[in-house]
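Read left to right, the sequence shown gives residues 60 to 174 (our numbering). As structure tokens, the structure follows; a few thoughts come after it.
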Amino acid sequence: MAETHAHPESVRANPGGKIDFQTVNRAALGVLTALLLRWLPDGKREGHEWVSRNPRRGDRNPGSFKVNMNTGRWSDFATGDRGGDPVSLAAYLFGLSQLEAAQQLSIMLGMEVRP
């Protein structure tokens, strides 16, 4: 994942080492345009959506893969793949688990992960 820094914020790991996904998603939403420019560089903003080709398949034309810029919800309308936040988008795009995606995003955003 490309590096993008937001304001430093602490991400507390819950008992058992779980990441606070809500905090990571909130921070990622604050810089979602920058993230999408790096993750889906062939896309463009259309109203409140980022419209792009899906890099996970042989998608030739943009249009079926969309990310809501306000909520982070995303969907590939051609395949039915979808998710509700920036963490799930990162996991999908980069073949990571939700936990790995949240950890990578927290590092990328300059967030401090605390036990």
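All C-beta atoms, glycine included, are put in the ideal place defined by N, C-alpha and C.
Within the same chain, show all residues whose beta-carbon is closer than 7 angstroms to that of residue i, passing over the 5 residues directly before and after it, in chain order.
i: G122; result: V110
i: S147; result: Q157
i: G102; result: L95, W109, V110, S111 and P121
i: A161; result: I78, F80, V83 and V146
Apart from the five residues just before and just after residue i, which ones in its own chain have a Cβ nearer than 8 angstroms to its Cβ?
i: Q163; result: M60, A149, F153 and L155
i: H107; result: N127, M128 and N129
i: N73; result: Any reading at N73 must be qualified, since the residue scores a pLDDT of 44, below 50, and its modelled position is unreliable; no value is offered.
Considering only C-alpha positions, which residue in the set the options is nearest to residue i?
i: L95; options: E159, W133 and G169; result: W133
i: G169; options: A86, F80 and I78; result: A86
i: N127; options: D118, G143, R119 and G117; result: G143
i: N129; options: T92, E159 and N120; result: T92
i: R116; options: D79, I78 and Y151; result: Y151
With the cut-off set at 8 angstroms, would you say residue i and residue j are in Cβ contact?
i: L88; j: G131; result: yes
Spatial neighbours of residue i within its chain, please: CB distance less than 6 angstroms, with the 5 preceding and 5 following residues excluded, ordered by chain position.
i: N113; result: F124 and D135
i: E159; result: none
i: D118; result: R112
Identify every residue that forms a DSSP beta bridge with residue i.
i: R112; result: Note: R112 sits in no beta bridge, so no partner.
i: E105; result: E108
i: S134; result: K125 and R141
Nearer than 7 angstroms: is that true of the beta carbon of residue i relative to any heavy atom of the ligand MG?
i: A161; result: Annotation note on the ligand MG: not contained in the displayed structure, which lists no ligands.
Meets three-Cβ-pair contact criterion under 8 angstroms: the segment 155–174 and the segment 134–141: no
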